[in-house]
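A short write-up of the structure that comes next.
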Amino acid sequence: MRAQAKVGDWRPAVTSFSENWIKEGLKDRAITRDLTYGIEIPKEAGTFPDKRIYVWFDAVIGYLSAAIEASKNGGPPWEDFWRAKNGARHVYFLGKDNIPFHSIIFPSMLLAYNAKKPDDEKLAMPFDIVANQFLQFSGAKFSKSRGNAFYVLDLLKTFDVDAVRYYLVSNLPEKNDCDWTWHDFIAKVNEEFLATVGNYFNRVLAFIDKNFGGKAPEALAPGIAVPDELAARDAAFRASTEAFIAEAARELDAREFKKAFRALINLAQGGNKAIDELAPWSLVKRGEEGKALGGQMLLTHLSVIKSMAIVFTPFLPHLCERLWAQLGETSTNPKALSEKAGTASVWPERLATFTPGQRFGKIEPLVRKLDRDEVLKEFTDTASEGKLAVNDKDATAGAAEKTAKKESAPKAKAEAAAPGIIGIEDFTKVDLRIGLVTKVEDHPKGDKLFVLEVDLGTEKRQICAGLRGIFTPEELLGKHVTIVANLAPRVLRGVESNGMLLAVTDGDKKALLTSSVAVSPGSKIG
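Residue numbering for the sequence shown follows the working numbering, beginning at 53 and increasing consecutively.
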């Protein structure tokens, strides 16, 4: 068990939300509701047949009562997980609308309980409250009445489960509200999940399957030495892979799931790059020795892929089970192993070893490409019964419909007479912030694109900007730039961009919109 962490480990958004609640003044809240269903009032409190316990007073107690009940039914001692003296860490995952129940009401209940107990019986306080923002549909809240609500289980009737999981994790609204759009879903699955992750797995396994008789290459025979250049490249690839795995572990420990997932995507990108540089298709044509050297390097890739089958399991468990079988692994797959491990960690600190000569299972593509036209035709039909959602544009229009009806006739007439004029409501939808450029790299596939890391105070964003050839990296580094912070993420040439950098174009000239004075990253404009 880890020692209880210090106060102050909550996310800034949770702390700020909770502090504002307290500043507004805490009011007495009834712990019952006038209902005839739900949890009844304890008999010792009296007879109240038409009252029930308020759900959010009862629900948070359920965390403790469930542990006690499980302990009574043969589970581990509940005290191991709840006594503060045992150093248990309590992490709560929820949507932002449920923050006060976990950050104020439940801790208050725990403090009241602890005030009457000796130190060795006090209960642990919340260690972290991981509150996500909202996932919306094309800028509007999911709503059955507008026809743009659907359930994840409905998606599985058409799409592979891991394609849905991939999009949900990569589009996770950890810091800001995010949008589900069908165009973005298709792009992320085809241009990233398939083109990066699925492609790396399939190109390595299919190549080895074809050229090495359906099994892993054998160990290098005595007398064949790996050239220094090849050995150095192999060592660097191993080191970078282990660095990405360690980075993902740190981000998972910090409950930063999107960053952890991104580190693993970078791992797949590194694998593809390493295969391109190795060019094993050339080595196998250089006789037995060339093929043996290529096989030795491919064994490293098999170790990487086996490691990826382990570390991707929290995110893509079904794909990893199939990948495990294709590798010919007969040991317990990572998902089942982690479920049996209890408190023990199964996360690899180094690359997993792969047995030379191990026979593969049936090799086939693990990620299915989406047909863009078919998906859009299927899921943008607002009239057909049983469709999951309306057209992205229709969803946005539906969200604005009620607002439009409330507008006065004079206002509507004035706006109709002035095409292009927007109201203040439209302007306030755009979240403009000042960001500090902390890293600039060339886009791997876009000749005119930079990949920027921009500090927004509470987070760092990856943003693709078409400024290559106009500015040098040195000119951009350290600049305070203007960012559209609530723009839906897009995948540009295989790299995700989370925001837009604003610039002015005047003929052949382009100037950045910057702040004339130094302000804190994340400062809001407007």
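Idealized CB from N, CA, C, for every residue including glycine.
Coarse secondary structure for residue i, derived from DSSP in three states
i, result
"valine 547", "strand"
"glycine 347", "helix"
"aspartate 261", "helix"
"isoleucine 156", "helix"
"threonine 407", "coil"
"serine 572", "coil"
"methionine 177", "coil"
"threonine 84", "strand"
"tyrosine 165", "helix"
"glutamate 92", "strand"
"arginine 302", "helix"
"arginine 402", "coil"
"aspartate 172", "helix"
"alanine 312", "helix"
"isoleucine 522", "coil"
"valine 182", "strand"
"arginine 307", "coil"
"aspartate 231", "strand"
Backbone CA spacing between residue i and residue j [nearest angstrom]
i, j, result
"glycine 530", "glycine 521", "18 Å"
"arginine 302", "alanine 312", "8 Å"
"lysine 267", "arginine 420", "24 Å"
"lysine 562", "valine 492", "18 Å"
"proline 462", "phenylalanine 479", "Residue confidence for proline 462 is low, a pLDDT of 46 falling below 50, so the modelled location carries little weight and cannot support an answer."
"aspartate 231", "valine 503", "22 Å"
"phenylalanine 431", "phenylalanine 245", "21 Å"
"arginine 217", "lysine 387", "15 Å"
"tryptophan 130", "lysine 174", "13 Å"
"threonine 84", "phenylalanine 158", "16 Å"
"alanine 284", "glycine 347", "16 Å"
"alanine 192", "phenylalanine 367", "27 Å"
"lysine 457", "isoleucine 362", "Note that lysine 457 has pLDDT 42, beneath the 50 cutoff, so the model's placement of it is unreliable and the number below is only indicative. Their Cα atoms are separated by approximately 53 Å."
"arginine 424", "tyrosine 203", "21 Å"
"glycine 339", "alanine 273", "14 Å"
"threonine 293", "leucine 304", "17 Å"
"tyrosine 219", "phenylalanine 179", "28 Å"
"alanine 344", "valine 336", "8 Å"
"lysine 95", "phenylalanine 153", "25 Å"
Cβ-Cβ separation, residue j to residue i (assumed contact under 8 Å), whole Å
i, j, result
"leucine 418", "asparagine 254", "7 Å"
"glutamate 270", "proline 408", "5 Å"
"valine 256", "isoleucine 327", "7 Å"
"threonine 534", "isoleucine 577", "7 Å"
"isoleucine 486", "proline 400", "Their Cβ separation, rounded to whole angstroms, is 40 Å, which puts isoleucine 486 and proline 400 out of contact at 8 Å."
"valine 556", "leucine 544", "Wrong, their Cβ atoms sit about 21 Å apart, outside the cutoff."
Endpoints, beta strand (DSSP E) assigned at residue i
i, result
"lysine 562", "561-564"
"phenylalanine 43", "Beyond the ends of the chain as shown, which are 53 and 578, falls residue 43; an answer cannot be given."
"valine 533", "532-536"
"phenylalanine 412", "Taken as a continuous stretch (DSSP letters only), phenylalanine 412 belongs to no beta strand (DSSP E), as it is neither H nor E."
Extent of the continuous alpha helix (DSSP H) run through residue i
i, result
"threonine 67", "64-75"
"histidine 235", "234-240"
"glutamate 493", "No alpha helix (DSSP H) contains glutamate 493, which is instead part of the beta strand (DSSP E) from 484-494."
"lysine 512", "No alpha helix (DSSP H) holds lysine 512; the beta strand (DSSP E) holding it covers 512-517."
"phenylalanine 502", "Here phenylalanine 502 belongs to no alpha helix (DSSP H); instead the beta strand (DSSP E) covers 502-507."
"leucine 116", "107-124"
"leucine 205", "204-207"
"leucine 187", "Note, leucine 187: premise wrong, no alpha helix (DSSP H); beta strand (DSSP E) at 187-189."
"arginine 424", "424-431"
Closer than 6 Å: residue i CB and nearest the ligand MG heavy atom
i, result
"isoleucine 74", "As far as ligands go, the structure on display features none, and thus does not contain the ligand MG."
Review point. Taking only runs of the alpha helix (DSSP H) that begin and end inside the segment 320-398, which ones reach a length of at least 4 residues, in chain order?
Key: 332-335, 339-363, 369-378, 386-393
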